[in-house]
Structures are given as C-alpha cells and as structure tokens.
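*Asks:* Residue numbers (the numbering used here), protein chains in the order written: chain A, 2 to 113; chain B, 1116 to 1230. Sharing a structure below in structure tokens format, with a few things to ask.
This is the structure:
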C-alpha cells in the first residue's frame, strides 16, 4: 500500500483515442501532482493542484487535461496524443507544497 | 535559474562496496533537499531529506547524505551496497516562490550492483 494508487498500470492507445489516467491518495494530503517521466530526461512537472485548485501548468499541450474533483482524486484526460507522449506518468501528493512527495507507481503509456 | 545536476548517469559497484552518488544544486538560498529511489516499474520512494540543522542526515535502507553549503552539494552515501539497491536514484531540490515550493529533479543516476 503506497498511499498513492494509479490506474491503469499500463495503457496502449492510438492517436485518435480518448482515455483517462486516475490517481487516488489515501494520505490526507492537500497537494497533488502529475509528472511525466521519459527515458534519459529529468522528471517533468506537468500540473499541480493545491486544495483542488490548479496552481501550476508547465506549458503542457492541451491534449492533456487534468481534473481534480476533490483533494483525494486526480485525473489526467488524454486525447489525440502523439507518439512522443509515450512515457511513464507519475502521480504524487504532499501535505503541502514544501513537504516531501509521495509517488504512485505510475502509468506506462504507449501511443501508437 | 535553479537546477540540480547529477554528474553520473550510470554507476556500477560491487556488492559490499561503498557507494557515493553525487548531487550539485544551483540555488541562491538554503534549499530543501531530497533523495528519491526508483526501482524498475515503480514510482519514486523518498530515501531522505534535508531541511535544516545537522548537515548529515540519515535515511531509510542504510543511506545517508551530507549537505555541504560551500560546495552546493548533497551527496548520497552507503557504506555497503546490497544487490537490492540496484535502482535509479534522483536528487531533488525544493525552491520557493509565491505559491509554495517547486520540486526540481536531477536527471537521475542508475546504479548497477555486481555480485
């Protein structure tokens, strides 16, 4: 039990598909994050939510759309993705913006 | 701009040998510093953190790290490596701005352990 659960673990989708990634945290944290991890590159922060409000969007293309209905759940809606979007997408949560992050195990996304 | 550098992309050590993974950061003030480990197919797990106080911090799994302000470094060490330590290690720094901290990661160091 990592405290942060991501589903699905693996996802293969075509460029015209629409899918969603789900993240749930059981830690009572107030901040949630989406990171993209590509091979040979540093982790890229995509979005930050603090008390359900989006506080950061790091110039992420609009084909990625986050949703945070409450402080325990975070979604990443995907549509018309490109092959270069294939990566490991990690969700994380923290008590506040200055506290250590707790990560889920990620969703391995492959865009064909 | 704030940054984190891990100079070694890949390191191989023998089981039982000592280990040091390097991390340098660029930030004007005293940062919060972290080391995370990622095993294959897993998310990142926090090994240890430095916020203030004693510059030598102890973490889980027998790891420790030392903050050296003069060298802007936060190197990770372990006296005797086990085969299960093979993983990727990430150094990270929290920088501060109006809305709270922003976590910046290094590129990671992949550790292989020889029997």
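We put the CB at the ideal spot given by N, CA and C, even for glycine.
What ranges does the beta strand (DSSP E) occupy inside the stretch 8 to 55 of chain A, keeping only unbroken runs of at least 3 residues that lie completely in it?
*Replies:* 11 to 14, 19 to 26, 32 to 38, 45 to 51
*Asks:* Residue 1200(B) to residue 39(A), Cα distance in whole Å?
*Replies:* 22 Å
*Asks:* Can you check whether the C-beta of residue 1172(B) is within less than 9 Å of a C-beta belonging to chain A?
*Replies:* So no, residue 1172(B) is outside the interface.
*Asks:* Would you verify that the beta carbon of residue 1093(B) is, or is not, closer than 9 Å to some beta carbon of chain A?
*Replies:* This structure cannot settle anything about residue 1093(B), because the visible part of chain B is limited to 1116 through 1230.
*Asks:* In angstroms with no decimal places, state the Cα-to-Cα distance between residue 26(A) and residue 1217(B).
*Replies:* 20 Å
*Asks:* Among residues of its own chain, excluding the 5 on either side of residue 65(A), which ones have a beta-carbon nearer than 7 Å to its beta-carbon?
*Replies:* Here the set comprises 47, 77, 79.
*Asks:* Using the beta-carbon of each residue, which ones in chain A are nearer than 8 Å to residue 1220(B)?
*Replies:* 43, 44
*Asks:* If you follow the beta strand (DSSP E) that residue 1180(B) is part of, which residue opens it and which one closes it?
*Replies:* 1179 to 1183
*Asks:* Can you give me the Cβ contacts of residue 1184(B) inside the same chain, cut-off strictly under 6 Å, excluding the 5 residues immediately before and after it?
*Replies:* There are no such residues.
*Asks:* Given this structure, state the Cα-to-Cα distance separating residue 1130(B) from residue 1196(B), to the nearest angstrom.
*Replies:* 5 Å
*Asks:* Figure out for me which residue from 1154(B), 1141(B), 1186(B), 1194(B) has the closest Cα to the Cα of residue 1225(B).
*Replies:* 1154(B)
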